[in-house]
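In our numbering, the protein residues as written are 69 to 291. From the three backbone atoms N, C-alpha and C, an ideal C-beta is built for every residue, glycine too. Model, not experiment: these values are computed from the prediction. A short write-up of the structure that comes next.
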Amino acid sequence: MEKVFLAHGLWMSGYVCASWKKAVSKAGMQPVVFSYPSVRPRMDQNAERLFQTIQRHCSGADTIHLVGHSMGGMVIMQMLRRYGHEFAGPLDATLPQLGRVLLCGSPINGSHVAGRINQWPALNRLLGPSILDWYGIGRGGLPAGLGIGVLAGTRKFGLGQVVRDLPQPSDGTVSVQETRLKGGETDFMQMNVSHTELLFAPSVNAQMIHFLQKGQFLHRSAA
69 MEKVFLAHGL
79 WMSGYVCASW
89 KKAVSKAGMQ
99 PVVFSYPSVR
109 PRMDQNAERL
119 FQTIQRHCSG
129 ADTIHLVGHS
139 MGGMVIMQML
149 RRYGHEFAGP
159 LDATLPQLGR
169 VLLCGSPING
179 SHVAGRINQW
189 PALNRLLGPS
199 ILDWYGIGRG
209 GLPAGLGIGV
219 LAGTRKFGLG
229 QVVRDLPQPS
239 DGTVSVQETR
249 LKGGETDFMQ
259 MNVSHTELLF
269 APSVNAQMIH
279 FLQKGQFLHR
289 SAA
């Protein structure tokens, strides 16, 4: 059995993963929604929460995949940085094998929008410490051979409209260049969707399932 752990972004809850959850179930995999407090805890605390969730819900699975939206992808990467060595492979009876990781609009190179908001005294406490803890990640900090897909939106609709100088192209909240993994992701695709649409657009769901099953995107079907 394959289980897919789904992680939402900042200021959200597990409910926003409903469309992803349905798509994963329809594809014959078992979804597990990771809902976490995205503002008050530190990044390491949320990474630990994710690892503990995997430990509690991995029973019956031989492979697990991880899908994150926005800050959820950063939490996934931090969890892998800290606990990736725990997924030793088929001879390890404790945890299933790691399958693939999909990052959807995740600013793994740092968030320009978050940095700007943090400069506004009236708003910076809305961010919390978790997203501001992030200092990036590259292939060197992750399990060897891990399949990582990156989806980036290019429809400019979101917080970036009120924040100056967000590099373009962007999904309105995260720029495309902020989503790229240092050292190279396994596959990358830009799609004509906004930051929020990455959570429910049918074209995104189709690409998510294709990557989890095949390890690459269906480039001819790009939105």
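Check: Tell me, which residues are paired with D255 by DSSP?
Finding: Beta-bridge partners assigned by DSSP to D255: G217.
Going by the CB atoms, is the gap between G217 and F119 shorter than 9 Å?
Note that the C-beta distance between F119 and G217 is not below 9 Å.
field: Beta-bridge partners of R168, as assigned by DSSP
entry: According to DSSP, which records beta bridges pairwise, R168 is partnered with G215.
Practice item. Label T162 either buried or exposed according to how many other C-beta atoms from any shown protein chain fall within 10 Å of its C-beta, with 16 as the threshold for buried. Key: Exposed is the call here.
Can you tell me which of the three DSSP states L93 falls into? Residue identity differs from the one stated: residue 93 is Ser in this sequence, not Leu. In the displayed model, S93 falls within a helix according to three-state DSSP.
Can you give the beta carbon distance from T241 to V181, rounded, assuming they're within the 8 Å contact cut?
Contact annotation, T241 with V181: C-beta distance approximately 6 Å; criterion of less than 8 Å satisfied.
TODO: Have a look at R232, L286 and L170 and flag the residue whose alpha-carbon is nearest the alpha-carbon of L134.
DONE: If we check each option's Cα against that of L134, L170 comes out closest.
Coil, strand or helix - F102 by DSSP: Strand at F102.
message = I'd like the list of long-range same chain contacts for S93, defined as Cβ closer than 7 Å, with 5 residues on each side in sequence excluded.
response = Around S93: P99.
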